[in-house]
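Residue numbers for the sequence shown, in mature numbering (1 follows the signal peptide of the UniProt record, and there is no 0): -16 to -1, 1 to 366.
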Amino acid sequence: MIRSFFGAAIIAGVSAAGPYAPDAVDKLAQDTLPKLKEWLAKNPQGNCTVETAIRRREWSDLGEPERKEYTDAVLCLQSKPALTSSIAPGAKSRFDDYVVVHIQQTPRNHGSTFFLPWHRYYIWHYENALRTECGYKGYQPYWNWDRYAKDPVNSPLFNGNEFSMGGNGAKVQHAGVQIPGAPRPYNVIPPGDGGGCVTTGPFRNMSVNIGPIAPSITVTRNPRSDGFGYNPRCLRRDVNKNAAAVTTANYTLDLITKNSNVYWFQTVMEGQFPQGKWGVHAGGHYTVSGDPAGDFYVSPGDPVFWLHHSMIDRVWWIWQMQDLVKRTAEVSMTKTMNNMPASANGTLDDPNNLGILAGDVKTRDLMNTMGGMGGKLCYIYE
Ligand SMILES: *[C@@H]1O[C@H](CO)[C@@H](O)[C@H](O)[C@H]1NC(C)=O
Ligand SMILES: *[C@@H]1O[C@H](CO)[C@@H](O)[C@H](O)[C@H]1NC(C)=O
Ligand SMILES: *[C@@H]1O[C@H](CO)[C@@H](O)[C@H](O)[C@H]1NC(C)=O
Ligand SMILES: *[C@@H]1O[C@H](CO)[C@@H](O)[C@H](O)[C@H]1NC(C)=O
Ligand SMILES: [Cu+2]
């Protein structure tokens, strides 16, 4: 039996995938967990302690049956009727509802104060839907990019077996991903060996229903200009190690340890395209690529999105643990993407909502995974 670095036993699954030795970011998380305990001793959060907190686990640390329970729950969400069809006639399922909300709020929640807290709320709500509406007993898994970066196509995430998140797309000729504003040679992520429909794994039959809006490959246009019309098509991917190359642990470790304020932490994470730096955020999205994963607006419509953004949230959590007093109270940037149109600086009192799915939660209440939202947030990453 192998023990994970937070001491919880991992019994199943390890033999199928690895085991993966802890990387430098895992070690940093492990080494700084005592700071979280210290902070909690001074700032008790009711019943939420490191011992009672939910544990979000890495994909291949889940046993194969647990991975299947997760993908079954996602398929279940894709089979339940949508709540948003009055806004988006193309939305056909509860899964699509989340895509609708992301599309509506893309310009507000990226390159703005809301990027990290809003996505924290969004993931928590989705995890909760899987549990309460689809009987899922586990928690949201994350994708530790480093584990698979060298060979993502053959990884437990994308190898296409029934315990994966689905395979690569069929090979089609395409030009790779254009990175706007980046200098050569960083203006294009060279293509991988996919680009077509995913034909293996749990999501081989899934229908992508809304969008595209800003596709990175050629896709039939949506009948409506807002992307909310019905446009059923296959899930397409171009699992791409060229993009994954900027998500290895050394990039993530630098991101966490070399950026001591949230402005730079978030800026480096989201990418500095004019400097030719894609960042781990774009790097992870374009490791999947295709449609809808490569579409800035519609990306949550590829089920892998949720594992990627959980890693984004985990990296924020690890960064916050380095200086909890300061970093659970620190926001920066304005309320609009790249401050366009110009807007006021964000504050801890600004509201975040999930459209018709869930109401306002102040940014302040999303800063702390241990007792935030009146105790509803209580999780760590293992
Ligand atoms: C703590 O208490 C709240 C409110 O009673 C409850 O919703 C939550 O599930 C509890 N959390 C834990 C970790 O026991
Ligand atoms: C996909 O559809 C085929 C044909 O209807 C069916 O036999 C198969 O079980 C489905 N697989 C999944 C993973 O949904
Ligand atoms: C990370 O390691 C790779 C491979 O050794 C190297 O090419 C890259 O420059 C490193 N990145 C950083 C940010 O250190
Ligand atoms: C907004 O934040 C920037 C950067 O921290 C700061 O320079 C500026 O003074 C702030 N503006 C207002 C109106 O507070
Ligand atoms: Cu993202």
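From the three backbone atoms N, C-alpha and C, an ideal C-beta is built for every residue, glycine too. Please read these numbers as outputs of a predicted model, since none were measured by experiment.
Cβ distance (whole Å) where residue i is taken to contact residue j below 8 Å
{"i": "I194", "j": "G74", "result": "4 Å"}
{"i": "V230", "j": "G267", "result": "4 Å"}
{"i": "L61", "j": "L114", "result": "6 Å"}
{"i": "H292", "j": "W43", "result": "Not a contact, Cβ separation roughly 11 Å."}
{"i": "M305", "j": "K19", "result": "5 Å"}
{"i": "G330", "j": "T97", "result": "3 Å"}
{"i": "I197", "j": "V83", "result": "Contact doesn't hold; Cβ gap of about 10 Å is too wide."}
{"i": "Q250", "j": "F99", "result": "6 Å"}
{"i": "V9", "j": "T236", "result": "5 Å"}
{"i": "L67", "j": "I340", "result": "6 Å"}
C-alpha gap between residue i and residue j, whole angstroms
{"i": "P28", "j": "E35", "result": "13 Å"}
{"i": "N323", "j": "N224", "result": "31 Å"}
{"i": "D344", "j": "M354", "result": "19 Å"}
{"i": "T232", "j": "P284", "result": "22 Å"}
{"i": "A72", "j": "G160", "result": "30 Å"}
{"i": "Q124", "j": "D286", "result": "15 Å"}
{"i": "M149", "j": "V137", "result": "11 Å"}
{"i": "F327", "j": "M321", "result": "According to the sequence displayed, residue 327 carries Ser and not Phe. Their backbone Cα atoms lie some 9 Å apart in a straight line."}
{"i": "G(-4)", "j": "G358", "result": "The predicted model places G(-4) with a pLDDT of 35, which falls under 50 and marks its position as unreliable; any figure quoted below should be read in that light. Between G(-4) and G358, the C-alpha separation is close to 34 Å."}
{"i": "P174", "j": "F280", "result": "18 Å"}
{"i": "G213", "j": "E146", "result": "31 Å"}
{"i": "A25", "j": "T271", "result": "40 Å"}
{"i": "W23", "j": "A154", "result": "49 Å"}
{"i": "T204", "j": "L17", "result": "48 Å"}
{"i": "N171", "j": "P199", "result": "16 Å"}
{"i": "R92", "j": "S63", "result": "29 Å"}
{"i": "A57", "j": "D307", "result": "36 Å"}
{"i": "I(-15)", "j": "N206", "result": "Because I(-15) sits at a pLDDT of 29, beneath the cut-off of 50, its placement in the model cannot be relied upon, and the following sentence gives the value as read from the coordinates. Straight-line Cα distance between these residues: approximately 49 Å."}
{"i": "P216", "j": "V192", "result": "6 Å"}
{"i": "N152", "j": "G144", "result": "7 Å"}
{"i": "residue 385", "j": "L332", "result": "One cannot answer for residue 385 here, as it falls past the ends of the chain, which runs -16 to 366."}
{"i": "A227", "j": "Q162", "result": "12 Å"}
{"i": "E366", "j": "L338", "result": "27 Å"}
{"i": "D7", "j": "A13", "result": "10 Å"}
{"i": "F289", "j": "R168", "result": "28 Å"}
{"i": "K11", "j": "H94", "result": "29 Å"}
{"i": "Y110", "j": "D45", "result": "21 Å"}
{"i": "P164", "j": "M253", "result": "17 Å"}
{"i": "N336", "j": "R208", "result": "27 Å"}
{"i": "P325", "j": "M317", "result": "13 Å"}
{"i": "I364", "j": "H269", "result": "23 Å"}
{"i": "I38", "j": "M295", "result": "16 Å"}
{"i": "Y120", "j": "N189", "result": "21 Å"}
Residue i CB to nearest heavy atom of ligand 4 below 6 Å
{"i": "N245", "result": "no"}
{"i": "N329", "result": "yes"}
Residue i Cβ short of 6 Å to ligand 3 heavy atom set
{"i": "D135", "result": "no"}
{"i": "D130", "result": "no"}
{"i": "Y123", "result": "no"}
{"i": "D238", "result": "yes"}
{"i": "Y235", "result": "yes"}
Any non-hydrogen atom of ligand 2 closer than 6 Å to residue i Cβ
{"i": "P73", "result": "no"}
{"i": "N189", "result": "yes"}
{"i": "P186", "result": "yes"}
Test: residue i CB closer than 7 Å to a CB of chain B
{"i": "P174", "result": "Within the model displayed, chain B is absent; a lone protein chain is all it includes."}
Any non-hydrogen atom of ligand 6 within 6 Å of residue i CB
{"i": "R41", "result": "Annotation note on ligand 6: not contained in the displayed structure, which lists ligand 1, ligand 2, ligand 3, ligand 4 and ligand 5 as its ligands."}
Requested in this report: Could you tell me whether the stretch 121 to 137 touches the stretch 69 to 84, using the rule of 3 or more Cβ pairs below 8 Å?
Outcome: No, the stretch 121 to 137 is not in contact with the stretch 69 to 84.
Query raised in the report: If we count Cβ pairs, one from each stretch, closer than 8 Å, do we get three or more for the stretch 255 to 275 versus the stretch 31 to 48?
Result: In this structure the stretch 255 to 275 does not lie against the stretch 31 to 48, because fewer than three pairs of beta carbons, one per stretch, are closer than 8 Å.
Query raised in the report: At which residue ranges does the stretch 165 to 252 contain complete alpha helix (DSSP H) runs of 4 or more residues, listed in the order of the chain?
Result: List check, alpha helix (DSSP H) in window: 225 to 228, 233 to 241.
Query raised in the report: Is the stretch 47 to 61 touching the stretch 87 to 95, taking contact as three or more C-beta pairs under 8 Å?
Result: In the pairwise beta carbon analysis, the stretch 47 to 61 is classified as not touching the stretch 87 to 95: fewer than three pairs are separated by under 8 Å.
Requested in this report: Answer yes if the stretch 230 to 246 comes into contact with the stretch 295 to 302, meaning at least three C-beta pairs across the two stretches below 8 Å, and no otherwise.
Outcome: Here the stretch 295 to 302 lies against the stretch 230 to 246, with 3 or more beta-carbon pairs under 8 Å apart.
Query raised in the report: Are three or more beta carbon pairs between the stretch 311 to 326 and the stretch 246 to 253 nearer than 8 Å?
Result: Three or more beta-carbon pairs separated by less than 8 Å link the stretch 311 to 326 to the stretch 246 to 253, which places the two stretches in contact.
Query raised in the report: For the stretch 166 to 185 against the stretch 212 to 228, are there 3 or more C-beta pairs whose distance is under 8 Å?
Result: By the Cβ test, the stretch 166 to 185 is in contact with the stretch 212 to 228, since at least three Cβ pairs between them sit closer than 8 Å.
Query raised in the report: Looking at C-beta atoms only, is the number of pairs between the stretch 274 to 282 and the stretch 98 to 105 that lie closer than 8 Å three or more?
Result: No, the stretch 274 to 282 does not touch the stretch 98 to 105.
Requested in this report: Kindly provide the ranges of any alpha helix (DSSP H) runs that are 4 or more residues long and lie completely inside the stretch 270 to 329, ordered along the chain.
Outcome: For the alpha helix (DSSP H) assignment, the uninterrupted runs of no fewer than 4 residues enclosed by the stretch 270 to 329 are, from N- to C-terminal side, 289 to 305, 308 to 311.
Query raised in the report: Which ranges would you report for the alpha helix (DSSP H) in the stretch 66 to 110 if only whole runs of at least 4 residues count?
Result: Whole alpha helix (DSSP H) segments, 4+ residues: 78 to 93.
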